[in-house]
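J.: Could you have a look at this structure, given as structure tokens, before my questions?
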Amino acid sequence: MSLRLLTIFILSTTLVASLYSQDAPPLQTIEDFLKKEYTEDSPGAAVLITKDDQVVFKKAFGLADVQKKKPITTNMIFQIGSMSKQFTSAAVLQLVEQGKVSLDDPIQKYVPYFPDKKYPITIHHLLSQTSGIPEFFDIDEKEMHLLSQEHTPEQLIAYYKDLPLEFEPGSQFQYSNSNYPLLGVVIEQVSGLSLKEYMRQNLFEPLQMTSTSLWYTDDMKKKRIPKGYRIYQGELMPSPKVVGSVPYAAGAVVSSLDDLWIWNRELQDNSILSDFVIESLTTEKQTSAGSGTGYGYGFFINDLLGYSTIQHGGNMYGFTSYGLYLPAEDLFVCILANKSLERVEEVANYLASVILNRPLEIEDRSQLAFAKYQEYFGTYQLQGDSKLIEIFMVDDVLVLDFPGAKGTGTRLTIIDTDQMESKAVNASFQFIRNDEGEVTGFTADQNGVTEWKKIE
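Residue numbers (this note's numbering): 1082 to 1537.
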């Protein structure tokens, strides 16, 4: 069960009226904030806000190439990471609609080299992140070379196919990139096309998404591709080389602001996608016990300021992305950044709240202090298990990840004293202190509560 608490700073009615025009979006407030968030001498972001099917804000901030001082532009093509899952999901659902795949089919029907498990795993379990298959994208610094090595889907799946399930499929929600390479194989096996070609023919080309592909194409001009960056050991550095066959169906799509707006409009207009596909993508799924998962197929389903939201983010090695849509307000916010672990979700929520004249509280980037969160840093062990995770800071972002995987991981958001959440994996965290006030561990709630003890 995801934590849906938000720290909301509501200005008085009088102050709101004096600060923001009721006739036009408060765009200057947004621009001033983004100029501080993405400074002119650092990696930055391209940002799009649309309301009622009209562009109300579209600007770029920061540098596409720090060394050459080349600015980001709004038509640049970014790696969008896990936002790719919505396209993979749509492709699978097209095949389901055609009667070529069933959501109840076991994965071994299409991927015979994936071994039978204690419980059957279906296409639905993979799409809905309820399969119990462990995460495989936990690559530490010693394994970074793997990112630049071409992999077949079978080679990717070999990294995790023999691992035991973490729970009975369908019983819990647990976000895992491992689900989606299997779905990529399903698409290729059934359609007879490569995943890249299937998406081109059936999604991107019909929608005239000319700046979108499963990884870069030869004709994408290099001048439109920003360099990716990350913070490692306190230093800004270029991201490691990544080849598209590694993120594959879980995260290899590249796209632009305009194309992602086209896609978001398709989810409302259904010019090529049927009602069945769109509703399947954007309807929250339940566990076998009837609990909500906060996830559809390839989209998180949540709420913001009382409005239902459809959203997903992505974090690649050097890029961060986020798309947020509020159907009731026809409000779409998209952020594409060329640095790992940017706080794009928090920023997107803030931008949406400003457009709605209900601004959320958000810390100025300059106020984020290392010392403020230092007491949470350390290594934690799962009670009754050998599994370890670390909490550390990358740049000004608090991160939870497996040991050694610095520069990747899941961003933590502070909700209240000793309370954090990660909407990326639909989990909430309550930290525990001893009588001396020292942090000694935490409990994690992600469709079930686990306890972790701080060991160093």
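Cβ atoms here follow ideal geometry from the backbone N, Cα and C, with glycine treated the same way.
Only a predicted model underlies this, so the values are computations on that prediction, with no experimental measurement involved.
DSSP state of residue 1165, grouped into three classes?
T.: Here the question's residue 1165 lines up with position 84 in the sequence shown. Note: residue 1165 maps to helix in three-state DSSP.
J.: Just how far apart, CA to CA, sit residue 1334 and residue 1295?
T.: On the sequence shown, residue 1334 is found 253 positions in, with the first residue counted as 1. On the sequence shown, residue 1295 is found 214 positions in, with the first residue counted as 1. Going from the Cα of residue 1334 to the Cα of residue 1295 covers about 4 Å.
J.: Look up residue 1533 in the DSSP assignment and give the residues it is bridged to.
T.: Locating residue 1533 in the sequence shown gives position 452, counting from the first residue. In DSSP, residue 1533 forms a bridge with 1463 and 1523.
J.: Are the Cβ atoms of residue 1418 and residue 1141 separated by less than 7 Å?
T.: Start at 1 with the first residue of the sequence shown, and residue 1418 comes out as number 337. Start at 1 with the first residue of the sequence shown, and residue 1141 comes out as number 60. No, these two residues do not count as a Cβ contact at 7 Å.
J.: Could you check the C-alpha separation between residue 1103 and residue 1398 for me, to the nearest Å?
T.: Residue mapping note: residue 1103 aligns to position 22 of the sequence shown, counting from 1. Residue mapping note: residue 1398 aligns to position 317 of the sequence shown, counting from 1. Note that residue 1103 scores 42 on pLDDT, short of 50, meaning its location in the model is unreliable and no value can be drawn from it.
J.: Do residue 1244 and residue 1215 have their C-beta atoms within less than 7 Å of each other?
T.: Here residue 1244 refers to the residue found at position 163 when the sequence shown is read from its first residue. Here residue 1215 refers to the residue found at position 134 when the sequence shown is read from its first residue. A contact, by the Cβ cut-off of 7 Å.
J.: At a cut of 8 Å, does the stretch 1170 to 1178 reach the stretch 1154 to 1161 through at least three beta carbon pairs?
T.: As far as the Cβ criterion goes, the stretch 1170 to 1178 does not touch the stretch 1154 to 1161, which means the pair count is below three.
J.: When the Cα of residue 1250 is compared with those of 1346, 1428, 1454 and 1368, which residue comes out closest?
T.: Numbered from its first residue, the sequence shown carries residue 1250 at position 169. It is 1368 whose Cα lies nearest to the Cα of residue 1250.
J.: Roughly how many angstroms lie between the CA atoms of residue 1463 and residue 1536, to the nearest whole one?
T.: For the purposes of this step, residue 1463 is taken as the residue at position 382 of the sequence shown. For the purposes of this step, residue 1536 is taken as the residue at position 455 of the sequence shown. So the alpha carbons of these two residues sit roughly 10 Å apart.
J.: Give the C-beta separation of residue 1376 and residue 1254 to the nearest angstrom, bearing in mind that I take them to be a contact with Cβ-Cβ under 8 Å.
T.: Mapped onto the sequence shown, residue 1376 falls at position 295. Mapped onto the sequence shown, residue 1254 falls at position 173. With 8 Å as the limit, residue 1376 and residue 1254 qualify as a contact, their Cβ atoms being about 6 Å apart.
J.: Over what stretch of residues does the beta strand (DSSP E) that includes residue 1117 continue unbroken?
T.: Working through the sequence shown from its first residue, we reach residue 1117 at position 36. Segment 1108 to 1118 is the alpha helix (DSSP H) holding residue 1117; no beta strand (DSSP E) there.
J.: Please confirm whether residue 1421 and residue 1281 have their CB atoms less than 7 Å apart.
T.: Looking up residue 1421 in the sequence shown gives position 340. Looking up residue 1281 in the sequence shown gives position 200. Contact: no.
J.: Would the stretch 1331 to 1346 and the stretch 1389 to 1406 be scored as touching if the rule is three or more Cβ pairs under 8 Å?
T.: Because the criterion of three Cβ pairs below 8 Å is met, the stretch 1331 to 1346 and the stretch 1389 to 1406 touch.
J.: For residue 1514, count neighbouring C-beta atoms within 10 Å of its own C-beta (all shown protein chains included) and say buried if the count is 16 or more, exposed if not.
T.: Within the sequence shown, residue 1514 is the residue found at index 433, counting from 1. By the 10 Å Cβ count, residue 1514 comes out exposed.
J.: My guess is that residue 1207 and residue 1264 are in contact by the Cβ rule of under 8 Å, so how many angstroms apart are they, rounded?
T.: Counting from 1 along the sequence shown, the entry for residue 1207 is found at position 126. Counting from 1 along the sequence shown, the entry for residue 1264 is found at position 183. Yes, residue 1207 and residue 1264 are in contact; Cβ-Cβ is about 5 Å, under 8 Å.
J.: Express the C-alpha separation of residue 1332 and residue 1260 in angstroms, rounding to a whole number.
T.: As a first step, residue 1260 must be located in the sequence shown, where it is residue number 179. As a first step, residue 1332 must be located in the sequence shown, where it is residue number 251. Roughly 11 Å separates the two Cα atoms.
J.: Roughly how many angstroms lie between the CA atoms of residue 1538 and residue 1396, to the nearest whole one?
T.: It is not possible to answer for residue 1538, since the shown part of the chain is limited to 1082 through 1537.
J.: For residue 1190, which of 1164, 1234, 1266 and 1252 has the nearest alpha-carbon?
T.: The residue given as residue 1190 occupies position 109 in the sequence shown. Comparing Cα positions, the closest option is 1266.
J.: Using alpha carbons as the reference points, say which of 1293, 1258 and 1193 lies closest to residue 1506.
T.: The sequence position of residue 1506 within the sequence shown is 425, counting from 1. Here the closest residue by C-alpha is 1258.
J.: Taking only runs of the beta strand (DSSP E) that begin and end inside the stretch 1302 to 1328, which ones reach a length of at least 3 residues, in chain order?
T.: Whole beta strand (DSSP E) segments, 3+ residues: 1310 to 1313 and 1316 to 1319.
J.: Nearest by alpha-carbon distance to residue 1193: which of 1213, 1235 and 1228 is it?
T.: Locating residue 1193 in the sequence shown gives position 112, counting from the first residue. The candidate whose alpha carbon is nearest that of residue 1193 is 1235.
J.: Hey, how far is the Cα of residue 1148 from the Cα of residue 1308?
T.: Within the sequence shown, numbered from 1, the residue matching residue 1148 stands at position 67. Within the sequence shown, numbered from 1, the residue matching residue 1308 stands at position 227. Approximately 10 Å between the Cα atoms of the pair.
J.: When you compare each of 1181, 1226 and 1154 to residue 1204 by their alpha carbons, which one comes out closest?
T.: In the sequence shown, the residue the question calls residue 1204 occupies position 123. The candidate whose alpha carbon is nearest that of residue 1204 is 1181.
J.: Mapping the DSSP letters down to three states, classify residue 1232 as helix, strand or coil.
T.: Along the sequence shown, one-based indexing puts residue 1232 at 151. Here residue 1232 sits in coil by DSSP.
J.: Considering just the uninterrupted stretch of the beta strand (DSSP E) at residue 1396, what are its terminal residues?
T.: Position 315 of the sequence shown, counting from 1, holds the residue named residue 1396. Note, residue 1396: beta strand (DSSP E), 1388 to 1397.
J.: For residue 1351, which residues of its own chain have a beta-carbon under 6 Å away from its beta-carbon, when the five flanking residues on both sides are left out?
T.: Start at 1 with the first residue of the sequence shown, and residue 1351 comes out as number 270. Closer than 6 Å at the Cβ level, and outside the excluded window around residue 1351, lie 1359.
J.: For residue 1139, tell me which candidate among 1153, 1145 and 1146 has the shortest Cα-Cα distance.
T.: Along the sequence shown, one-based indexing puts residue 1139 at 58. Residue 1153 is the option with its Cα nearest to residue 1139.
J.: My output table needs one value for residue 1037: the three-state DSSP class, helix, strand or coil.
T.: Lying outside 1082 to 1537, the shown extent of the chain, residue 1037 is not represented and no answer is given.
J.: Buried or exposed: residue 1482, going by 16 or more other Cβ atoms within 10 Å of its Cβ?
T.: As a first step, residue 1482 must be located in the sequence shown, where it is residue number 401. Buried is the call here.
J.: Would you list, in sequence order, the uninterrupted alpha helix (DSSP H) runs of no fewer than 4 residues that lie entirely inside the stretch 1330 to 1359?
T.: For the stretch 1330 to 1359, whole alpha helix (DSSP H) runs of length 4 or above, ordered along the chain, are 1338 to 1350.
J.: Would you call residue 1393 buried or exposed, if buried means 16 or more other Cβ atoms sit within 10 Å of its Cβ?
T.: On the sequence shown, residue 1393 is found 312 positions in, with the first residue counted as 1. Buried, by the Cβ-count rule.
J.: Would you please verify whether the beta carbon of residue 1442 is less than 7 Å from any beta carbon of chain B?
T.: Reference to chain B is not applicable here, since this structure consists of a single protein chain.
J.: Looking at the structure shown, is residue 1280 part of a helix, part of a strand, or coil, going by DSSP?
T.: Numbered from 1 along the sequence shown, position 199 holds the residue referred to as residue 1280. In the structure shown, residue 1280 sits in a helix (DSSP, three-state: H, G or I).
J.: Got a sec? Which residues, its chain only, sit under 6 Å from residue 1423 by beta carbon, not counting five neighbours each side?
T.: As a first step, residue 1423 is located in the sequence shown; it is residue number 342 there, counting from the start. Within the same chain, residue 1423 has close Cβ partners 1401.
J.: Taking the Cβ atom as the reference point for each residue, do residue 1111 and residue 1478 lie within a distance shorter than 7 Å?
T.: For the purposes of this step, residue 1111 is taken as residue 30 along the sequence shown, with counting starting at 1. For the purposes of this step, residue 1478 is taken as residue 397 along the sequence shown, with counting starting at 1. For residue 1111 and residue 1478, no; Cβs fall outside 7 Å.
J.: Please classify residue 1363: does DSSP put it in a helix, a strand, or coil?
T.: What you label residue 1363 is simply residue 282 of the sequence shown in a count that begins at 1. If DSSP states are grouped into helix, strand and coil, residue 1363 belongs with the helices.
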